[in-house]
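Colleague:
Protein chains: 2
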Amino acid sequence: VTATIPDHPTEQVADVSPAALADFLVGDAELDSTEARRRTREAVLDGGFGYVYGLPRDEYRDWVFGWLKQIGEHGMGSLGFPSEYGGEDDPAGAIASFETLAFGDLSLLVKTGVQFGLTGGAIHRLGTQRHHEEFLPKLARVELAGCFAMTELGHGSDVRSLETTATYDPATDEIVVDTPSQSARKDYIGNAGRHGNIAVVFAQLIVDDEKHGVHAVVVPIRDADGQVADGVTVIDDGEKMGLNGVDNGQLSFDSVRVPRNNLLDRFGTIGEDGHYSSSIDKASSRFFTMLGALVQGRVSVACGALSVAKSALTIAVRYGERRRQFESTEGKETLLMDYLTHQRRLLPGIARAYALHSALRRLRNRYVGSLDAEPGSEEVRTVEGLAAGLKAYSTWNTTETVQTCRESCGGEGYLAVNRLPALKSDSDVFTTFEGDNTVLMQLLVKGLLSDYKEQFEDLDLLDIVRYGLGRASDTLLESVPFVNRGMDRDEETLRDRDTYLKSFRWREDHVTGNLARRFKKRIDDGADPLDALIDCQDHVVRLGQVHIERLVLEQFAEDVDSCGDEDLRAVLDLLWQLYAVERTWVDRGWFLEHGHFSAATSKALGALLNTLCQQLRPHALTLVDAFEIPDALLAAPIATDAER
Amino acid sequence: VTATIPDHPTEQVADVSPAALADFLVGDAELDSTEARRRTREAVLDGGFGYVYGLPRDEYRDWVFGWLKQIGEHGMGSLGFPSEYGGEDDPAGAIASFETLAFGDLSLLVKTGVQFGLTGGAIHRLGTQRHHEEFLPKLARVELAGCFAMTELGHGSDVRSLETTATYDPATDEIVVDTPSQSARKDYIGNAGRHGNIAVVFAQLIVDDEKHGVHAVVVPIRDADGQVADGVTVIDDGEKMGLNGVDNGQLSFDSVRVPRNNLLDRFGTIGEDGHYSSSIDKASSRFFTMLGALVQGRVSVACGALSVAKSALTIAVRYGERRRQFESTEGKETLLMDYLTHQRRLLPGIARAYALHSALRRLRNRYVGSLDAEPGSEEVRTVEGLAAGLKAYSTWNTTETVQTCRESCGGEGYLAVNRLPALKSDSDVFTTFEGDNTVLMQLLVKGLLSDYKEQFEDLDLLDIVRYGLGRASDTLLESVPFVNRGMDRDEETLRDRDTYLKSFRWREDHVTGNLARRFKKRIDDGADPLDALIDCQDHVVRLGQVHIERLVLEQFAEDVDSCGDEDLRAVLDLLWQLYAVERTWVDRGWFLEHGHFSAATSKALGALLNTLCQQLRPHALTLVDAFEIPDALLAAPIATDAER
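Residue numbers (the numbering used here), protein chains in the order written: chain X, 1 to 644; chain D, 1 to 644.
(1) Below 8 Å on the Cβ atoms is my contact criterion, and I expect Ser503 of chain D with His619 of chain D to pass it. Report the Cβ-Cβ distance as a whole number of Å.
(2) Please report the residue range of the beta strand (DSSP E) in which Tyr168 of chain X lies.
(3) Among the residues of its own chain, which have a CB less than 7 Å from the CB of Val383 of chain X, if the five just before and after it don't count?
(4) Under 9 Å between C-beta atoms, does His594 of chain X make it to chain D?
(5) Hey, how far is the Cα of Val465 of chain D from the Cα of Met441 of chain D?
(6) Check whether the Cβ atoms of Cys303 of chain D and Glu99 of chain D lie closer than 9 Å to each other.
(7) Once the 5 residues before and after Ser252 of chain D are set aside, which same chain residues still bring their CB inside 6 Å of it?
(8) With a threshold of 6 Å on Cβ separation, who are the neighbours of Asp32 of chain D within its own chain once the five nearest residues in sequence on each side are excluded?
(9) Taking the C-alpha atoms as reference points, what is the distance between Arg222 of chain X and Ala229 of chain X?
(10) What does the alpha-carbon distance come out to for the pair Arg345 of chain X and Leu530 of chain D?
(11) Whose Cβ in chain D lies nearer than 7 Å to the Cβ of Phe504 of chain X?
(12) At what residues does the beta strand (DSSP E) containing Arg257 of chain D begin and finish?
(13) So with Cβ pairs under 9 Å, would you call Trp67 of chain X a contact of chain D?
(14) Going by C-alpha distance, which of D:Glu42, D:Val142 and D:Met150 is nearest Glu290 of chain D?
(15) Once you ignore the five residues that flank Arg141 of chain D on each side, which residues in its own chain have a CB closer than 6 Å to its CB?
(16) Find the residues of chain A that neighbour Ile638 of chain D, judging by a C-beta separation of less than 8 Å, and give them in chain order.
(17) Does Pro56 of chain X get closer than 9 Å to chain D when you measure Cβ to Cβ?
(18) Identify each residue in the segment 153-178 of chain X for which the Cβ-Cβ distance to at least one residue of chain D is less than 8 Å, and report them in chain order.
(19) Hey, could you find the ends of the alpha helix (DSSP H) Ala599 of chain D is sitting in?
(20) Taking Cβ positions, are Gln555 of chain D and Ser358 of chain D nearer each other than 9 Å?
(21) To the nearest angstrom, how far is the alpha carbon of Ile198 of chain X from that of Phe148 of chain X?
(22) Just the C-alpha distance for Lys111 of chain D and Gly349 of chain X, rounded to the nearest angstrom, thanks.
(23) Using the three-state DSSP reduction, which class does Phe627 of chain D fall into: helix, strand or coil?
(24) Kindly identify the DSSP beta-bridge partner or partners of Cys147 of chain D.
(25) Between X:Leu543, X:Asp105, X:Ala166 and X:Cys409, which lies nearest to Gly447 of chain X when the distance is taken from Cα to Cα?
(26) Quick one, are the C-beta atoms of Gly513 of chain X and Leu415 of chain D less than 9 Å apart?
(27) In whole angstroms, give me the CA-to-CA distance for Gly156 of chain X and Gly435 of chain X.
(28) Evaluate contact between the segment 617-632 of chain D and the segment 579-598 of chain D, counting only Cβ atoms and requiring at least three cross-stretch pairs below 8 Å.
(29) For the segment 248-301 of chain D, list the alpha helix (DSSP H) runs that are entirely contained and at least 4 residues long, ordered along the chain.
(30) Is the Cβ of Cys147 of chain D closer than 9 Å to any Cβ of chain X?
(31) Determine, for Ile350 of chain D, whether the minimum Cβ-Cβ distance to residues of chain X falls below 9 Å.
(32) Is the segment 117-128 of chain D in contact with the segment 275-289 of chain X, if contact means three or more CB pairs nearer than 8 Å?
(33) Would you verify that the beta carbon of Ala599 of chain D is, or is not, closer than 9 Å to some beta carbon of chain X?
(34) Does the beta-carbon of Gly376 of chain X have 16 or more other beta-carbons within 10 angstroms, so that it is buried, or is it exposed?
(35) Starting from the N-terminal side, write out each stretch of the alpha helix (DSSP H) that is 4 residues or longer and does not extend beyond the segment 349-417 of chain D.
(36) Can you have a look at Asp273 of chain D and say buried or exposed, based on whether 16 or more other CB atoms are within 10 angstroms of its CB?
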């Protein structure tokens, strides 16, 4: 079978430059916010916001806080704020800027995210004009440092069950914020440990003894001199695996009173008469609408995580291109990059980075477009699902890629001076924050399968079944080119766009049908819907993954096909093939289980995977240099010819 | 197909206690060195050698050095040394003690390994009586701190190509040690940065202008006051991803002179007449014999890595048994451990830990037995291969397990106070040090496939082919119970010992045959053997993995089957099944490709995997508590009810 694949391809497929590939990655300069990227890169380089390590914790935190203020002065953090309140009305630019910052110190990235993205974003998207006026300009200039106090010790993923209360007291026209239990302490809150002045606190709003669900209230927690406010208790979270330039902490509240106007009341308000009102009747719809307004954080983390993977790949490939080990036939020792095992470790990671680049560019643009749509509308909910799924997919990919790159650099990769330890330790929590990945995949799938529009109040799980079964049975009847049940495929088919585009879609539909059947069986056996769902949880997460992977594959294909330069397209096409083949090969157990291709084809895919790595190997350096990460930001002597 | 597997098993299979399981893990108390473990545990607990974090680097290093001295005073580090030189002639106890230390601070573990295992071990195993007399007692009491200076910046895996030279000067009867280039600097050397007094330096020995290959020479590098010796340059490696209590550094030598007697000359000596002689004629045989004498380091790392995985699993399972999230049907929120996705994350890791425990116990005993065998003998080389393969398998498993445990604990898992960050960062380099795992797997396979005894000088690669082809064709004709090509298997078969024992062996033989064929094809096409081997590298590593996995499966089965307690055996049998099924399921792509079972069987395995997790779920806490890691060493508030 392997005979259909040429052995030992060594010549370059085409002559391409990093600059040409970089242009491809940019695509449309305006849509890509090239100007915001350039400004951010300059700010980072001029300000020296690169990698630092080995500082004592408080010093590191203050250092990063100083950088944050400079970012504020440059106007980079508030790009997305309304122009009348210190911003530039440019959410696309804000995300592009975040992506660029992610090439530098990741504590600064997260501090920026907390200040401008989460705190500023919550006030922007959940507040009304008076909040914008009062807080956004000060947050933009970092005259106020802000906390986003959502997660509690006992409730992270399950935001709806937060315990903190915000009770309206008509006697004083104030809102009283309380932490009723240990597990209600706000935890892992960035900016809480040392610098934060205000916190956007998510709490159960109680007005007239009636609960109205989770709302956000602005609570001052520390004055300009760093004095913690009365009734507020701060406990520093202390040292973490990484991101030690960010001062995470616990916040708890003992009858802390704030003016009624501090309620961020875009979706629910307390009138001057002391009564609650909302434009959204159902509490659960209101809750989902509020959360939906905060989706920019997940979009940003998905994009930032990709930047981290690009940094790690650049360092590892450059090292692999200079480090030699064991003698070769020419008397010179062999470059690490010339070993097949090394190629198999690094090149699929590069392909995944390019593929994700295409998908995340679209997510960013679609998110920005959705800001004009009605809150809670179908488009907004679709984007929310995509952001959840791509955040999970991208951050898991980064964890895996950085780990592989660390191991590929051996002992050098373990030294802090070579940056990979920080890339690993700092980004490790990306799979957890802004939503645990496993939970996010389930969020995506619930969105995919249920018709929120009609039953926003309670997800009717049986509808998942009906929808899923219907959809799957429709598509399973379609003919799919890969299905061959025993026949070998020729190399042309195995390299063909259509083979994988249809296969990935077929897989998604099949997984949908399987999930639906399994779920229905549990229900038919008398299981409670929630228990049944827990029982199918592995299938739910799986569906999220294959859905996202299908989108990534399609969107990368679109970009490759629209590339006008023939040489460039030849290389990109190989990269696309590598993405498609590697993802298929990794999941070949499933494809074989479902009779989608023969054992012979599966083996041929394994051989093709090696061939593709060998074909792309001459371009490895070009492919990572196209990410255009400045040496000063890579900050790894093994990648930049610097002395360590 | 899934209908053959019972849904929703909830009841406990049997009533077992952590103590009964712990007894099973001990097995034979004497062979298990229970006494050495107890002494070590006491020393660790009494000395407070637990987890520390957040100390400035130099303070942390000195703290760990203080601990090392206490370990020395307790006699724990020199257990394996000859009794006449401060030890107890107990290498099994030394490894058991290392395993126990691995529950505590990992910087101390590595510092201990460098001092007693590597430096002491090299002097013990490569030196002769005068070296033992002079150095071992002082190393045992830590009056001298030692470095093991093998790895160079340019040569880690390829020790035979080290550049450092040790030239005998007959005029002064001294050996002159030199670092001829930048890439020849000794690097990542533990104890070099701050505390080391002597270094065992591996260098190309030159006598009478003739090169005799790599030998080890003891070189003083720093006096008792910390003054670095003339001609020696030390550059601190600075901060690392983890293990920051160990002072790694670079060492280079500019005509550093030491007495002739400082050559560790068990396998090659310079006589008083100034001529070189050795009992082993061939330079390459001598080299391999010397390296083979140092195998205890790999055995120890394999065992220590498992302890780290056990710690992480204990923390994650205990947290999963107390943390609730999202409402369940009973009105109470659901325990994390009751989620199927959580069970799928953690229970296979527990099964792997138990399986590896069996295999590593045998490796330890077999290694100790091999110390009585002739250096360079077949038994010694077999143990060397096993140690290489199990070191790679165990440390990769630890990296994966700790990562999964970190993610399973969400935000709590990212806080240093909960220990998982240190377990991850400290153990991450285990896949690299004591030999890069990818290289070690190749070492194992070369040993498996070639007949070293007859052609020790140069590995005849064509013999690999002949041997491999012959072996594979023999066994492929055997009937294997799993092979069914289309038929579904009943649950009994899918849970049967024999099904997997034969399948894993069949897989190994098949991979051997494939490798041989692929290699032969390259050779037949005129490829240079070295290029051909690089081209088959992925198959070589793969063969190493499936070989080790087969051994682990068999050895765990033996232990389970020999368990006399029926209840206990019932639980252990499930654990064995989980190991067998998960490993098969993860690799089902390969099994399906090779027609070893049908698609229906493959799906049934996936369902069985869930069922096994659900069946073992009630025992999760018992299974980790059986590791008997003291709370003080776990040192994670989320696992020990302590306040953070």
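We put the beta carbon where it would ideally sit given N, CA and C, even for glycine.
Modeller: Short version:
(1) Incorrect: roughly 26 Å between the Cβ atoms, too far for contact.
(2) Thr165 to Asp169
(3) Val295, Arg366, Tyr367 and Ser370
(4) A Cβ of chain D is located within less than 9 Å of the beta carbon of His594 of chain X.
(5) The pLDDT assigned to Val465 of chain D is 49, lower than 50, so where the model puts this residue is not dependable; a value taken from the coordinates is nonetheless given after this. Rounded to whole angstroms, Val465 of chain D to Met441 of chain D spans 18 Å at the Cα level.
(6) yes
(7) Thr179, Arg185 and Thr233
(8) Val26
(9) 5 Å
(10) 20 Å
(11) Within 7 Å Cβ-Cβ: nothing; Phe504 of chain X doesn't reach chain D, min ~17 Å.
(12) Val256 to Pro259
(13) no
(14) It is worth fixing the name first, because residue 290 of chain D is Met in this sequence and not Glu. Out of D:Glu42, D:Val142 and D:Met150, D:Met150 has the C-alpha closest to the C-alpha of Met290 of chain D.
(15) Gly72
(16) Absent from the structure: chain A. Protein chains present are X and D.
(17) yes
(18) Gly154, His155, Gly156, Ser157, Asp158 and Ser161
(19) Ala599 to Leu616
(20) yes
(21) Distance between the alpha carbons of Ile198 of chain X and Phe148 of chain X is about 9 Å.
(22) 35 Å
(23) coil
(24) D:Ala199
(25) X:Leu543
(26) no
(27) 8 Å
(28) Contact fails: fewer than three Cβ-Cβ distances are below 8 Å.
(29) List check, alpha helix (DSSP H) in window: 283-292.
(30) no
(31) no
(32) no
(33) yes
(34) With 16 or more Cβ atoms within 10 Å of its Cβ, Gly376 of chain X is classed as buried.
(35) 378-408 and 410-414
(36) With fewer than 16 other Cβ atoms from the protein chains shown falling within 10 Å of its own Cβ, Asp273 of chain D counts as exposed.
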